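In UniProt numbering, the protein residues as written are 1 to 58. Just below is one structure, and these are the notes that go with it.
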């Protein structure tokens, strides 16, 4: 699933939770050389829906 297909409400919730930091290494977005994106932590399968706990700002 591409980042474009992640619903706006999920995107906003993940960005709010992350507080401007990468959720893996905690580096701040304002110091990053590339913009952050929202990605799935574990690969999606046909049976799995996009859930907030499987999304990360990175």
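Even glycine gets a Cβ: it sits at the ideal position worked out from N, Cα and C. Note that the coordinates shown come from a computational prediction; the quantities given were computed from them, not determined experimentally.
For residue 28, the secondary structure class from DSSP, reduced to helix, strand or coil, is strand. Burial state of residue 55 is buried, judged by a 10 Å Cβ sphere holding 16 or more other Cβ atoms. The beta carbon of residue 15 sits closer than 7 Å to the beta carbons of 57 from its chain, once the five residues preceding and following it are set aside; these are given in chain order. Annotation for residue 15: the continuous alpha helix (DSSP H) segment containing it runs 8-18. Beta bridge pairing from DSSP links residue 21 with 28.
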